[in-house]
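Everything on this sheet refers to the single structure shown next.
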Amino acid sequence: MRKIVLFLSLALILSFCSREFKRADFSKTPIFLISIDTLRADHVSVFNPEAEETKTWERLAGDGIAFLNAYTHIPLTLPSHTTMLTGLIPPHTGVRDNVGFRYEKDYKTLAEWMKEKGKRTAGFVSAIVLHHRTKINRGFDFYEDNIENTTGTLSLGGVQRPGIQTIHLAEDWLDKQKDDNFFLFLHIYEPHSPYNPPEEYRKEGRSLYEGEVLYADRLIGDFLDYLKDMGIYEKAMIFLVSDHGEGLKNHGESEHGVFLYIEDIHVPMVLKLPYNQRPFKRTKRPAALSDIFPTICDYFKMRCPHRMDGESLLKKENSPREVYSESLYGKYHYGWAPQYSLIDGRNHFILSPIREFYELLKDPQEKKNRYGFGKSKKMERELKAMVSSFQEDMPQKVDPEFLRKLQSLGYVGLIHQRVKEEGRALPDPKTKIHLLEKLNRAMALGRIGLYRKAAEVLEELLREDPEMEEAISQAARINENAGNYERAIELYKEILRRRPKDLSALIGIGSTYFRMGDYKKALQTLNLIIEIDPKFAVAYSLKAMVYYKERKYGLFEKYLKKAMEIKPDLDHIHYLRGLNYLRLFSMTRDYSYVGKAKEEFLKVERKNIRGYVDLHFNLGVIFEREGNLGKAEEEYRREMKFFPANPKPYVNLALLLAKEGDLPEAIHVLLIGEKLAPVSQTYYLISFYYMRLGNFAAARKWLLKGLEKYPGDQRLRTLKGRLGL
Numbered sequence: 007m008r009k010i011v012l013f014l015s016l017a018l019i020l021s022f023c024s025r026e027f028k029r030a031d032f033s034k035t036p037i038f039l040i041s042i043d044t045l046r047a048d049h050v051s052v053f054n055p056e057a058e059e060t061k062t063w064e065r066l067a068g069d070g071i072a073f074l075n076a077y078t079h080i081p082l083t084l085p086s087h088t089t090m091l092t093g094l095i096p097p098h099t100g101v102r103d104n105v106g107f108r109y110e111k112d113y114k115t116l117a118e119w120m121k122e123k124g125k126r127t128a129g130f131v132s133a134i135v136l137h138h139r140t141k142i143n144r145g146f147d148f149y150e151d152n153i154e155n156t157t158g159t160l161s162l163g164g165v166q167r168p169g170i171q172t173i174h175l176a177e178d179w180l181d182k183q184k185d186d187n188f189f190l191f192l193h194i195y196e197p198h199s200p201y202n203p204p205e206e207y208r209k210e211g212r213s214l215y216e217g218e219v220l221y222a223d224r225l226i227g228d229f230l231d232y233l234k235d236m237g238i239y240e241k242a243m244i245f246l247v248s249d250h251g252e253g254l255k256n257h258g259e260s261e262h263g264v265f266l267y268i269e270d271i272h273v274p275m276v277l278k279l280p281y282n283q284r285p286f287k288r289t290k291r292p293a294a295l296s297d298i299f300p301t302i303c304d305y306f307k308m309r310c311p312h313r314m315d316g317e318s319l320l321k322k323e324n325s326p327r328e329v330y331s332e333s334l335y336g337k338y339h340y341g342w343a344p345q346y347s348l349i350d351g352r353n354h355f356i357l358s359p360i361r362e363f364y365e366l367l368k369d370p371q372e373k374k375n376r377y378g379f380g381k382s383k384k385m386e387r388e389l390k391a392m393v394s395s396f397q398e399d400m401p402q403k404v405d406p407e408f409l410r411k412l413q414s415l416g417y418v419g420l421i422h423q424r425v426k427e428e429g430r431a432l433p434d435p436k437t438k439i440h441l442l443e444k445l446n447r448a449m450a451l452g453r454i455g456l457y458r459k460a461a462e463v464l465e466e467l468l469r470e471d472p473e474m475e476e477a478i479s480q481a482a483r484i485n486e487n488a489g490n491y492e493r494a495i496e497l498y499k500e501i502l503r504r505r506p507k508d509l510s511a512l513i514g515i516g517s518t519y520f521r522m523g524d525y526k527k528a529l530q531t532l533n534l535i536i537e538i539d540p541k542f543a544v545a546y547s548l549k550a551m552v553y554y555k556e557r558k559y560g561l562f563e564k565y566l567k568k569a570m571e572i573k574p575d576l577d578h579i580h581y582l583r584g585l586n587y588l589r590l591f592s593m594t595r596d597y598s599y600v601g602k603a604k605e606e607f608l609k610v611e612r613k614n615i616r617g618y619v620d621l622h623f624n625l626g627v628i629f630e631r632e633g634n635l636g637k638a639e640e641e642y643r644r645e646m647k648f649f650p651a652n653p654k655p656y657v658n659l660a661l662l663l664a665k666e667g668d669l670p671e672a673i674h675v676l677l678i679g680e681k682l683a684p685v686s687q688t689y690y691l692i693s694f695y696y697m698r699l700g701n702f703a704a705a706r707k708w709l710l711k712g713l714e715k716y717p718g719d720q721r722l723r724t725l726k727g728r729l730g731l
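The numbering used here puts the first residue of the sequence shown at 7, with every later residue one more than the last.
Right, dumping it as structure tokens:
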């Protein structure tokens, strides 16, 4: 029998109807659900007077109700938003993690229900984990999730779209609406990591996270100003919430996902009713993200489409309540014990191998474990009964191509191989969290192109815990990007040993052999992938790439066509088409082919900013040919960042800088290239530019280094005579 978050009650709560306000007409009321990702409640001044002032939250709370003890049911973006849009806790939505889950239950989403009741529905999201492939878009007439094309840097989560862009898209949609009969869901990703606030929000004594909190506050403030200018704000019902908090190392976790401490599950929540009813109201009664849907049902006196786990936020304040939360993230990804908790605003019990109980009024930061005292045993019995009634949801298979993209963007992707094992004692995450911190550090280094340093951190981690499969997978990818090809192959094969026929590992092996120039082994691996999955487009596109490199253009076109038949908009296909246009230009000198190549390459860049080896280099060459030197430099630097083992961008950028007269910067670029991807031309140009600057000692030093490595290089030998060696 299903249990809900309030004392295991089975009643559908359509709640107390207050007479202190007049209910607005449903068809004339615009409804907004605005979510700020990863925002801790104690960093919002409405909920913590000691926090730096968050003016937008203060303003909206002045026009409505602030729920001082609101909680998420899970500290992860996708399942938390699924709860908001269904009124159901994660065990009942079946969405328990960001990866490997889609919303496939029969229960209507808030968007489906509103559409059924006659409202137009639109959603605008800023993170790849809320992509429509998760089916969280159910019921939206318009769902804007084209976020793979929006950032100039690799970011966690994927590609995150800057909040200002998502807001502008929402405003563009609102501009086209002829009346107020709509529901709009708006999600911005700030302040999710990596924290990178604008310069004006950076100052001494303020963390980058705090800077992003204030920036997000301003973005939403500007959006509310827009609603006022449009005459929408007063009549609107507006929920402003966060999906979860952020660890910030309070209990050893930098980010979120594993633990259920107060910093992870306490979220800010404000409700502005139509015409600003109940202004400046503050309530301490526990609230939850599952309450949003039933609150709308209650306010408009409509029966909800299914039994809700949440309850109306307009309920009488003096009734007690406990809120359920969970995290299976550690179990799914690392083989650690799951976490479950109950919280009532005064007490917090966490069920894990090492039980925890905190008395929040005395210990708001949860520093003293009081398990065994107070209500801890009672809450433990209640929580165990709830958990035992829940179905064990297992992650689904993740598309290998999408998985590699997630991993390249910094998301944890693999599901731990032992997740299905029964009867095995799993370690408490508290004893393992330091390993996750090392993994996150390595992934952060990888996102900024420091692959070799990232590889070192991962090797250290694997020496401590060789069974951490996500670390093995990330280490394989990082070593591949660092040019440590033999080690990458070894690690990919270790994944295959654990997961025979794992396509993401096989793609990695094929890609690594290709980078090594071992085209025979690359083709053998790609053929094996096709045997396993004949509809896997990436395998055909990579085969086309191999044949392109081997100048077997008939086979290149054959496999490119095959890949296009399966998945015509695959970004790798656009990349290959661009390369082919450059080949045709070299044969015909027809400059129209250069324009076509540029168009294809820019399609890739818009879809996948990291792209492929030589993507940004080729764009740099094209922009330089067009005389757009600023863009050329930008593309060369992107190639250097994303593919530091590629020597070409260092050389071309140095040549460009030298043409512009900046020889010191040209030398600086070449010195970076000498460490990461040296070729004979690297030493020649370093020596030549030092000679032009009059620093003959440095010129001779670098020339001798070059001759030691490339004794037969004619350019170096010619320069030797000019330097009198």
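The beta-carbon is built from N, C-alpha and C at its ideal position, and this holds for glycine as well. Only a predicted model underlies this, so the values are computations on that prediction, with no experimental measurement involved.
By the three-class DSSP mapping on this structure, what secondary structure does residue 72 have?
Taking the sequence shown and counting its residues from 1, one reaches residue 72 at position 66. Strand at residue 72.
Is residue 47 buried or exposed, if buried means 16 or more other CB atoms sit within 10 Å of its CB?
On the sequence shown, position 41 is the one that residue 47 refers to. That one is buried.
Report yes or no: do three or more beta-carbon pairs, one from the stretch 210-226 and one from the stretch 178-185, lie closer than 8 Å?
At 8 Å Cβ cutoff, the stretches do not touch.
When we look at the beta-carbon of residue 714 and count the other beta-carbons within 10 Å, is it buried (16 or more) or exposed?
Against the sequence shown, residue 714 aligns to sequence position 708. With fewer than 16 other Cβ atoms within 10 Å, it is exposed.
So, residue 504 versus residue 462, is the Cβ gap smaller than 8 Å?
As a first step, residue 504 is located in the sequence shown; it is residue number 498 there, counting from the start. As a first step, residue 462 is located in the sequence shown; it is residue number 456 there, counting from the start. Their beta carbons are not under 8 Å apart, which means residue 504 does not touch residue 462 by this criterion.
Can you find the residues in the same chain that come closer than 8 Å, C-beta to C-beta, to residue 676, ignoring five residues on each side of it along the sequence?
Stepping through the sequence shown from its first residue, residue 676 is reached at position 670. If we look at residue 676 and ignore the five residues flanking it on each side, its Cβ neighbours are 656, 657, 660, 688, 691, 692, 695.
Rounded to whole angstroms, how far is the Cβ of residue 320 from the Cβ of residue 305, which I believe are closer than 8 Å?
By 1-based counting over the sequence shown, the position of residue 320 is 314. By 1-based counting over the sequence shown, the position of residue 305 is 299. The pair is a contact, with the Cβ atoms about 7 Å apart (cut-off 8 Å).
Can you give, in chain order, each stretch of the alpha helix (DSSP H) that sits fully within the stretch 340-417 and has at least 4 residues?
For the stretch 340-417, whole alpha helix (DSSP H) runs of length 4 or above, ordered along the chain, are 382-395, 406-414.
How far does the alpha helix (DSSP H) with residue 51 in it reach, from first residue to last?
Start at 1 with the first residue of the sequence shown, and residue 51 comes out as number 45. Per DSSP, residue 51 belongs to no alpha helix (DSSP H) and is neither H nor E.
Does DSSP put residue 251 in a helix, in a strand, or in coil?
Taking the sequence shown and counting its residues from 1, the one referred to as residue 251 is at position 245. If DSSP states are grouped into helix, strand and coil, residue 251 belongs with coil.
Any chance you could list the beta strand (DSSP E) runs of at least 3 consecutive residues sitting entirely within the stretch 263-308, in chain order?
Complete beta strand (DSSP E) runs here, min 3: 275-278, 287-289.
Look at the alpha carbon of residue 255 and the alpha carbon of residue 303, and state the distance between them as a whole number of angstroms.
Position 249 of the sequence shown holds residue 255. Position 297 of the sequence shown holds residue 303. Cα to Cα, the separation comes out at about 39 Å.
Beta carbon of residue 622, beta carbon of residue 642: below 8 Å?
As a first step, residue 622 is located in the sequence shown; it is residue number 616 there, counting from the start. As a first step, residue 642 is located in the sequence shown; it is residue number 636 there, counting from the start. In this structure, residue 642 lies closer than 8 Å to residue 622 by Cβ.
Is residue 333 near residue 264, with beta carbons less than 8 Å apart?
The residue given as residue 333 occupies position 327 in the sequence shown. The residue given as residue 264 occupies position 258 in the sequence shown. Contact: yes.
Grab me the residues of residue 207's own chain with a C-beta within less than 6 Å of its C-beta, minus the 5 sequence neighbours each way, in chain order.
In the sequence shown, residue 207 corresponds to position 201, counting from 1. Correct list, in chain order: 217, 220, 221.
Span of the alpha helix (DSSP H) holding residue 169?
The residue labelled residue 169 in the question sits at position 163 within the sequence shown. Element bounds for residue 169: 169-181.
Quick one: grab the DSSP three-state call for residue 729.
As a position in the sequence shown, residue 729 is number 723, starting the count at 1. Coil at residue 729, not helix or strand.
Measuring CB atoms only, is the stretch 65-72 touching the stretch 247-261, in the sense that at least three cross pairs come out at less than 8 Å?
The stretch 65-72 vs the stretch 247-261: no contact.
What are the start and end residues of each continuous alpha helix (DSSP H) run of 4 or more residues lying completely inside the stretch 61-147, in chain order?
For the stretch 61-147, whole alpha helix (DSSP H) runs of length 4 or above, ordered along the chain, are 61-68, 83-90, 96-99, 116-122.
When the Cβ atoms of the stretch 342-354 are set against those of the stretch 363-381, are three or more pairs found closer than 8 Å?
The stretch 342-354 is in contact with the stretch 363-381.
For residue 188, which residues of its own chain have a beta-carbon under 6 Å away from its beta-carbon, when the five flanking residues on both sides are left out?
Residue numbering aside, residue 188 sits at position 182 when the sequence shown is read from its first letter. Excluding sequence neighbours, residue 188 sits near 36, 125, 126.
Give the list of continuous alpha helix (DSSP H) stretches no shorter than 4 residues that lie fully inside the stretch 541-604.
The qualifying runs are 543-555, 559-572, 577-594.
CB residue 543 to CB residue 484, shorter than 8 Å?
Residue mapping note: residue 543 aligns to position 537 of the sequence shown, counting from 1. Residue mapping note: residue 484 aligns to position 478 of the sequence shown, counting from 1. No. Outside cutoff.
Pick helix, strand or coil for residue 243, following the three-state DSSP scheme.
Residue mapping note: residue 243 aligns to position 237 of the sequence shown, counting from 1. DSSP places residue 243 in strand when its eight states are reduced to three.
Taking buried to mean at least 16 other C-beta atoms within 10 Å of its own C-beta, is residue 163 buried or exposed?
The sequence position of residue 163 within the sequence shown is 157, counting from 1. Low confidence applies here, because residue 163 scores a pLDDT of 39, under 50, leaving its location unreliable; read the following figure in that light. By the 10 Å Cβ count, residue 163 comes out buried.
To which residues of the same chain is residue 364 closer than 6 Å at the C-beta, ignoring the five residues directly before and after it?
Residue 364 sits at position 358 when you count from the first residue of the sequence shown. Closer than 6 Å at the Cβ level, and outside the excluded window around residue 364, lie 354, 372.
Just how far apart, CA to CA, sit residue 634 and residue 662?
Taking the sequence shown and counting its residues from 1, the one referred to as residue 634 is at position 628. Taking the sequence shown and counting its residues from 1, the one referred to as residue 662 is at position 656. Taking the straight line joining both Cα atoms gives about 11 Å.
Taking all protein chains shown into account, decide if residue 487 is buried (16 or more other Cβ within 10 angstroms of its Cβ) or exposed.
The residue you call residue 487 lines up with position 481 of the sequence shown. Per the 10 Å Cβ criterion, buried.
To the nearest angstrom, how far is it from the Cα of residue 111 to the Cα of residue 141?
To locate residue 111, count along the sequence shown from 1; it is residue 105. To locate residue 141, count along the sequence shown from 1; it is residue 135. Distance between the alpha carbons of residue 111 and residue 141 is about 10 Å.
Check the DSSP bridge columns for residue 38 and list the partner residues they point to.
Within the sequence shown, residue 38 is the residue found at index 32, counting from 1. Partner(s): 190, 244.
Could you tell me whether the stretch 78-85 touches the stretch 275-285, using the rule of 3 or more Cβ pairs below 8 Å?
Segments in contact, no.
Since residue 645 is in the alpha helix (DSSP H), which residue starts that stretch and which ends it?
Locating residue 645 in the sequence shown gives position 639, where the first residue counts as 1. First-last of the alpha helix (DSSP H) with residue 645: 635-648.
Quick one: what's residue 332 bridged to in DSSP?
Numbered from 1 along the sequence shown, position 326 holds the residue referred to as residue 332. DSSP lists 346 as partners of residue 332.
Would residue 210 be called buried (16 or more neighbouring beta carbons within 10 Å of its own) or exposed?
Within the sequence shown, residue 210 is the residue found at index 204, counting from 1. Exposed, by the Cβ-count rule.
In terms of residue numbering, what span does the alpha helix (DSSP H) encompassing residue 479 cover?
Here the question's residue 479 lines up with position 473 in the sequence shown. 475-488 is the span of the alpha helix (DSSP H), which, as asked, contains residue 479.
On the three-state DSSP scale, how would you describe residue 206?
By 1-based counting over the sequence shown, the position of residue 206 is 200. Three-state DSSP puts residue 206 in a helix.
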